[in-house]
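Visitor: The structure that follows is given in the form of structure tokens.
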Amino acid sequence: GAVVSQHPSRVICKSGTSVKIECRSLDFQATTMFWYRQFPKQSLMLMATSNEGSKATYEQGVEKDKFLINHASLTLSTLTVTSAHPEDSSFYICSARPGLANQDTQYFGPGTRLTVL
Amino acid sequence: GDSVTQMEGPVTLSEEAFLTINCTYTATGYPSLFWYVQYPGEGLQLLLKATKADDKGSNKGFEATYRKETTSFHLEKGSVQVSDSAVYFCALSSGGSYIPTFGRGTSLIVHP
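So the sequence lines, in the order shown, correspond to chains A and B.
Under my numbering, read the first sequence as residues 51 to 167, first letter to last.
Under my numbering, read the second sequence as residues 482 to 593, first letter to last.
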């Protein structure tokens, strides 16, 4: 089946630094990629939707200047957490949609655990 | 807005026991309903889905029936295995957005 990878799987950083998380579709082209955030024992919250070559669409309450999303190619999207603070510590998950033919299909990455000290 | 409510876990069972994980939803219109599974260290995978009332989704011995009258989509399996240990997410998508709204997830632990 289709595989989506995320890198790194785990990152620890100091408060005030920026962290970049990569999401790659390994064996298909993704017209749309999604970024989610998951708090312990809570559901996945959609942060933003990105289409290749265009600006990301952010969900209400998500700061676009803090969570920078770049979908530079059909196989790569990046999420940069700028000036990270301890409250940004969370589990970040990306997913990728292969195309318009089957719009309710998404393939998920394994997630990235971010800890901000 | 749309929402999904799942039973809290963890659910702990012995191998070969019967499994039910309850899921109820609130949505406008007629949503599509999904169960996703997340094995340790892996991404979410679609387990099964149903797109209209009374549809039954099934995969790998798991089943769930779309019950419009009770707005439910309970996940069942007749005989669980240790390898079924994972977190299970109920989800829906509606209104043509194709972006799922997830429940909180239910952890299943199966002991030999």
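Each residue gets a CB set at the ideal place from its N, CA and C atoms; glycine is no exception.
For B:Ala545 and B:Leu527, which I take to be in contact (beta-carbon distance under 8 Å), what is that distance rounded to the nearest angstrom?
Guide: Not really, about 12 Å apart at Cβ, beyond 8 Å.
Visitor: Which value, in whole angstroms, describes the spacing of the CA atoms of B:Lys541 and B:Tyr579?
Guide: 24 Å
Visitor: On the criterion of 16 or more Cβ atoms from any shown chain inside 10 Å, does B:Leu525 qualify as buried, or is it exposed?
Guide: buried
Visitor: Pull up the distance between the alpha-carbon of B:Thr507 and that of B:Thr486, whole angstroms please.
Guide: 9 Å
Visitor: Pick from A:Val53, A:Ala134 and A:Asp154: whose alpha carbon is nearest that of B:Glu523?
Guide: A:Val53
Visitor: List the DSSP bridge partners of A:Phe89.
Guide: In DSSP, A:Phe89 forms no bridge with anything.
Visitor: Considering only C-alpha positions, which residue in the set A:Ser55, A:Val69 and A:Gln79 is nearest to A:Arg147?
Guide: Considering only alpha carbons, the answer is A:Gln79.
Visitor: For the region 99-113 of chain A, enumerate the residues whose C-beta is nearer than 8 Å to any C-beta of chain B, in chain order.
Guide: Thr99
Visitor: Would you be able to state if there are at least three C-beta pairs under 8 Å between the region 159-167 of chain A and the region 488-496 of chain B?
Guide: no
Visitor: For the beta strand (DSSP E) holding A:Val166, just list the boundary residues, first then last.
Guide: Thr162 to Val166
Visitor: Contact check, A:Cys144 vs A:Met83 under 8 Å by CB: the rounded distance?
Guide: 6 Å
Visitor: Label B:Asp585 either buried or exposed according to how many other C-beta atoms from any shown protein chain fall within 10 Å of its C-beta, with 16 as the threshold for buried.
Guide: The identity of residue 585 of chain B in the sequence shown is Arg, whereas the question assumes Asp. Per the 10 Å Cβ criterion, buried.
Visitor: When you compare only the Cα positions, how much space is there between A:Ser109 and A:Leu118?
Guide: According to the sequence as given, residue 109 of chain A is Glu; it is not Ser. Cα to Cα, A:Glu109 sits roughly 13 Å from A:Leu118.
Visitor: Is the CB-CB distance between B:Ala572 and B:Phe554 below 7 Å?
Guide: no
Visitor: Which residue's Cα is closest to the Cα of A:Asp154: B:Phe543, B:Ser484 and B:Ser575?
Guide: With distances taken between Cα atoms, A:Asp154 lies closest to B:Ser575.
Visitor: Taking only the alpha-carbon atoms, compute the straight-line gap between B:Gly482 and B:Tyr511 and give it to the nearest angstrom.
Guide: 13 Å
Visitor: Exposed or buried, what is A:Arg87 when buried is set at 16 or more other beta-carbons lying within 10 Å of its beta-carbon?
Guide: buried
Visitor: Which residues of chain B have a Cβ atom closer than 7 Å to the Cβ of A:Val54, listed in chain order?
Guide: Gly524
Visitor: Closest by CA to B:Thr552, which one among B:Gln562, B:Thr505, B:Ser588 and B:Lys558?
Guide: Of all alpha-carbon atoms in B:Gln562, B:Thr505, B:Ser588 and B:Lys558, the one lying nearest the alpha-carbon of B:Thr552 is that of B:Thr505.
Visitor: Which residues does DSSP list as the beta-bridge partners of B:Gly559?
Guide: According to DSSP, which records beta bridges pairwise, B:Gly559 is partnered with nothing at all.
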